[in-house]
Amino acid sequence: MKFGIIGAGLVGTALAVQLTKAGHDCVGVHTRSRHSYERFRRYIDRDHLLLEELVPAVDILFITTQDGMIRSVVENLLA
2 MKFGIIGAGL VGTALAVQLT KAGHDCVGVH TRSRHSYERF RRYIDRDHLL
52 LEELVPAVDI LFITTQDGMI RSVVENLLA
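Under my numbering, the residue at position 71 of the sequence shown is numbered 72, and the numbers go up by one with no gaps.
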């Protein structure tokens with residue numbers, strides 16, 4: 002399975018690590034924070050992608066942002 006992560010905080014990073022260990026392919030990550038992205042890359046060396054690049058490249062997309070940001074992310078995905 003090819004997956005993508007939106008939100009590279011602790012949850013998104015841990016999820017990506019475990020799915021990768023299980024044999025799935027992390028295509029990339031999208032995050033607002035450079036710090037979160039750099040931490041993510043210490044565990045999984047994947048590119049930071051624009052939503053327009055990430056969405057069509059994956060089988061499943063995990064939104065692991067703060068709860069208050071989920072609505073905004075979904076609205077951006079639907080736009």
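C-beta atoms are modelled at their ideal positions from N, C-alpha and C, and glycine is treated no differently.
A quick note: this is a predicted structure, and the numbers were derived from the prediction, not measured.
So Val30 packs on Ala9, CB below 8 Å; how close in whole Å? 5 Å
Sequence-distant residues of its chain with Cβ nearer than 6 Å to Val59 (five each side left out): Lys3, Phe4, Gly5 and Val28
Who are the near neighbours of Leu62 in its chain, counting only those whose CB is closer than 6 Å to its CB and skipping five residues on each side? Gly5
Option nearest Ile45 by Cα separation, candidates Asp68, Thr21, Val12 and Ala80: Thr21
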